[in-house]
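First up is the structure itself, then whatever we jot down about it.
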Amino acid sequence: MAQIIFLTGGARSGKSRLAEELATRRGTPLGYLATGSAGDGEMAERIARHRERRGDAWTTIEEPLALAESLAAHDGRFAAILVDCVTLWLSNLLFSLDDPARVLKEVELLTRTFSSLRTPLIIVSNEVGMGIVPENRLARQFRDLAGEANERIAAAADEVYVTFSGLPLRLK
Amino acid sequence: MAQIIFLTGGARSGKSRLAEELATRRGTPLGYLATGSAGDGEMAERIARHRERRGDAWTTIEEPLALAESLAAHDGRFAAILVDCVTLWLSNLLFSLDDPARVLKEVELLTRTFSSLRTPLIIVSNEVGMGIVPENRLARQFRDLAGEANERIAAAADEVYVTFSGLPLRLK
Amino acid sequence: MAQIIFLTGGARSGKSRLAEELATRRGTPLGYLATGSAGDGEMAERIARHRERRGDAWTTIEEPLALAESLAAHDGRFAAILVDCVTLWLSNLLFSLDDPARVLKEVELLTRTFSSLRTPLIIVSNEVGMGIVPENRLARQFRDLAGEANERIAAAADEVYVTFSGLPLRLK
Chain A
49 MAQIIFLTGG ARSGKSRLAE ELATRRGTPL GYLATGSAGD GEMAERIARH RERRGDAWTT
109 IEEPLALAES LAAHDGRFAA ILVDCVTLWL SNLLFSLDDP ARVLKEVELL TRTFSSLRTP
169 LIIVSNEVGM GIVPENRLAR QFRDLAGEAN ERIAAAADEV YVTFSGLPLR LK
Chain B
49 MAQIIFLTGG ARSGKSRLAE ELATRRGTPL GYLATGSAGD GEMAERIARH RERRGDAWTT
109 IEEPLALAES LAAHDGRFAA ILVDCVTLWL SNLLFSLDDP ARVLKEVELL TRTFSSLRTP
169 LIIVSNEVGM GIVPENRLAR QFRDLAGEAN ERIAAAADEV YVTFSGLPLR LK
Chain C
49 MAQIIFLTGG ARSGKSRLAE ELATRRGTPL GYLATGSAGD GEMAERIARH RERRGDAWTT
109 IEEPLALAES LAAHDGRFAA ILVDCVTLWL SNLLFSLDDP ARVLKEVELL TRTFSSLRTP
169 LIIVSNEVGM GIVPENRLAR QFRDLAGEAN ERIAAAADEV YVTFSGLPLR LK
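Chains as they are written, first to last, in our numbering: chain A, 49 to 220; chain B, 49 to 220; chain C, 49 to 220.
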């Protein structure tokens, strides 16, 4: 049974850099499962910057929705897979399924997949619930969904970290 | 002198579940002091979900404003009382008193009450100050108030935890 | 080479009070480098409150932009200098330079200055990246900038803390 590491933290808190370090320790080749697509300008710039920082050992897999299926399909082909990131995946699912309860079923499918994987996962997420309550109802709904999903994935993970200013604190 | 445990964290970060676990260890019967009211739809749904999760050992007390008085009135009647949550209470007080300085006097009244209570308290609050500065002046005012109140209650508590993704870190 | 202590946390999370305590342990006289100006009403009130709490051992230096130069100019004149705060400084720089990449060059200039200073620094910043993604593009840009800057300053500091409800957790 593969090791599952879950990293959460604020925007630009050093999660992805730490995740890359943790993955690199596993050897090569490495998989980078991007849940965002390069369609939007800010995301394209972010993916390009990450790609430049990572280098040749990495293969990028783009999968906005079927995360559990994609991880199962690529199992055994990498020394580790970095999943970046859970909140974008949830956002894609919520846009596609339009129902937080159905999105949480996908999260459950993901955590159930963990026990059958051989490839270690490093899963990156974001903390989005420590600001003022958003006025926008959809933003509140997303915030609640992300909190629930993070809690469930953290419960199923072997190691959990939260990062602040580039520095990790171990939670589990 | 009763033990005071203070739990803070982001939205849906597992605070309430952890608080219920900590309360349950104290024995029965247990008090659940809800500072929110079921008037609004989202809150009604939240209260119903909590009630379902908790079960028969719990008695719900609804008190939106006079928290110190209500805790004193119910003192000695429960193995522990869970207060859920501080930020809703502050919001009710700010709406009612329209002055952060007067709200902080109520917080002071609460922390002064701690030393005379026999029933242990588990007090849940929210971190609301780790997002971008809100454009709305009232939101900034509330954020400052919640930060001040959390700091004062944490200073008066015996144990303090912050939760991320359902996992607690002990602060005190 | 002087010791650099970096403190981050949410709004009203007790960072400034902790920073003042850490500075006071260094002896007197003490410098308070304010990156905000008293021009705006909320800031004036905040500076006045801080000044009242601090007392006579402190000299206030107001410097909204040229932080590295100001620290070099005042080096050796105080037992410690408290810099309050990084996010206001970044905000001033972004308003003045209108380019996050140029602002990050100023951050680099600051961290390079650390090794040549004799006066210990206690540097206060804010976590602004743990709320929901802001709808406003400028707010997202600032949030990313603050995250990057905090990570770089923390990497160059000797000790790093994050505060919640007035209580610090050591990160480094």
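For glycine and all other residues, C-beta sits at the position ideal for the given N, C-alpha and C.
Here the structure is a predicted model, which means the values were calculated and not measured.
Beta-carbon within less than 6 angstroms of residue i's beta-carbon, same chain only, minus the 5 sequence neighbours each way: which residues are those?
{"i": "A/ALA197", "result": "LEU138, VAL155"}
{"i": "C/GLY214", "result": "GLY62"}
{"i": "C/LEU115", "result": "TRP137, LEU158"}
{"i": "C/ASP206", "result": "GLN51, ILE52"}
Applying a beta-carbon distance threshold of less than 9 angstroms, which residues of chain A neighbour residue i?
{"i": "C/VAL210", "result": "PHE212, SER213, LEU215, LEU217"}
{"i": "B/ALA187", "result": "ILE180, VAL181, GLU183"}
Assuming residue i and residue j are in contact, meaning their beta carbons sit under 8 angstroms apart, how far apart are those beta carbons, in whole angstroms?
{"i": "A/THR76", "j": "A/ALA105", "result": "4 angstroms"}
{"i": "C/LEU130", "j": "C/ILE95", "result": "Not quite, the Cβ-Cβ distance comes to about 13 angstroms (not below 8 angstroms), so this is no contact."}
{"i": "B/ASP192", "j": "C/ARG102", "result": "Between C/ARG102 and B/ASP192 the Cβ distance is about 19 angstroms, and since that is not below 8 angstroms, they are no contact."}
{"i": "B/ILE201", "j": "C/ALA187", "result": "Contact flag wrong, Cβ pair sits at about 30 angstroms."}
{"i": "B/ALA67", "j": "B/VAL172", "result": "5 angstroms"}
{"i": "B/LEU217", "j": "A/LEU217", "result": "7 angstroms"}
{"i": "A/GLY58", "j": "C/GLY195", "result": "7 angstroms"}
Between the Cα of residue i and the Cα atoms of the options, which residue gives the shortest distance?
{"i": "C/THR135", "options": "C/PHE162, C/GLY177, C/ALA121, C/LEU169", "result": "C/GLY177"}
{"i": "C/ALA149", "options": "C/ALA116, C/SER85, C/GLN189, C/GLY103", "result": "C/GLN189"}
{"i": "C/LEU81", "options": "C/HIS98, C/ARG73, C/GLU93", "result": "C/HIS98"}
{"i": "C/PHE212", "options": "C/ALA204, C/ALA203, C/ASN174, C/ASN184", "result": "C/ASN174"}
{"i": "C/ARG65", "options": "C/ASP132, C/ILE52, C/THR159", "result": "C/ASP132"}
{"i": "B/SER163", "options": "B/ALA120, B/ASN140, B/PHE143", "result": "B/ALA120"}
{"i": "A/LEU113", "options": "A/LYS153, A/LYS220, A/THR56, A/GLY57", "result": "A/LYS153"}
{"i": "B/ALA127", "options": "B/ALA204, B/ASN184, B/LEU78, B/ARG185", "result": "B/LEU78"}
{"i": "B/ARG160", "options": "B/GLU183, B/ALA204, B/ALA194", "result": "B/ALA204"}
{"i": "C/THR72", "options": "C/PRO182, C/GLU183, C/THR107", "result": "C/THR107"}
{"i": "B/ILE109", "options": "B/PHE143, B/SER85, B/ALA194, B/ASP206", "result": "B/SER85"}
Ignore the nearest five residues each way along the sequence and tell me which others in residue i's own chain have a CB closer than 7 angstroms to its CB.
{"i": "C/LEU145", "result": "VAL151"}
{"i": "B/GLU111", "result": "LEU81, THR83, SER118"}
{"i": "A/LEU70", "result": "ILE53, ILE170"}
{"i": "A/GLY124", "result": "ARG166, THR167"}
{"i": "C/VAL208", "result": "PHE54, ALA202, LEU219, LYS220"}
{"i": "A/GLU199", "result": "none"}
Residues of chain A with a CB under 7 angstroms from the CB of residue i: which are they?
{"i": "C/GLY198", "result": "This sequence places Asn at residue 198 of chain C; Gly is not what is there. The contacting residues are SER213."}
From the beta carbon of residue i, is the nearest beta carbon of chain D less than 8 angstroms away?
{"i": "A/MET178", "result": "Absent here is chain D; the protein component of the structure consists of chains A, B and C."}
Which partner residues of residue i appear in the DSSP bridge assignment?
{"i": "B/LEU157", "result": "DSSP lists no partner for B/LEU157."}
{"i": "C/GLU207", "result": "C/ILE53"}
{"i": "C/ASP147", "result": "C/ASP147 is not bridged to any residue."}
{"i": "A/ARG218", "result": "A/TYR209"}
{"i": "C/ASP132", "result": "C/ALA82, C/VAL172"}
{"i": "C/GLU110", "result": "C/ALA82"}
For a contact meaning CB atoms closer than 7 angstroms, what does residue i contact in chain C?
{"i": "B/LYS220", "result": "LEU215"}
Under 9 angstroms between beta-carbons, which chain C residues line up against residue i? List them in chain order, please.
{"i": "B/GLU175", "result": "GLY58, SER61, MET178, PHE212, SER213"}
List, in chain order, every chain A residue whose beta-carbon is nearer than 8 angstroms to that of residue i.
{"i": "B/ARG101", "result": "Near B/ARG101 there are no residues of chain A at all, since even the closest Cβ is about 13 angstroms away, more than 8 angstroms."}
For residue i, return the contacting residues in chain B, with the cut-off set at a CB-CB distance below 8 angstroms.
{"i": "C/PHE190", "result": "ILE180"}
Closer than 9 angstroms by beta-carbon distance: list the chain B residues that pair up with residue i, in chain order.
{"i": "A/ALA202", "result": "GLY62, PHE212, SER213, GLY214, LEU215"}
Got a sec? Which residues, its chain only, sit under 8 angstroms from residue i by beta carbon, not counting five neighbours each side?
{"i": "C/ARG74", "result": "ALA127, ALA128, PRO168"}
{"i": "B/PRO182", "result": "ARG188, ARG191"}
{"i": "A/GLU100", "result": "none"}
{"i": "C/PHE143", "result": "none"}
I want to verify the contact list: residues of chain B whose CB lies under 7 angstroms from the CB of residue i, in sequence order.
{"i": "A/GLY195", "result": "GLY58, ALA59, ARG60, SER61"}
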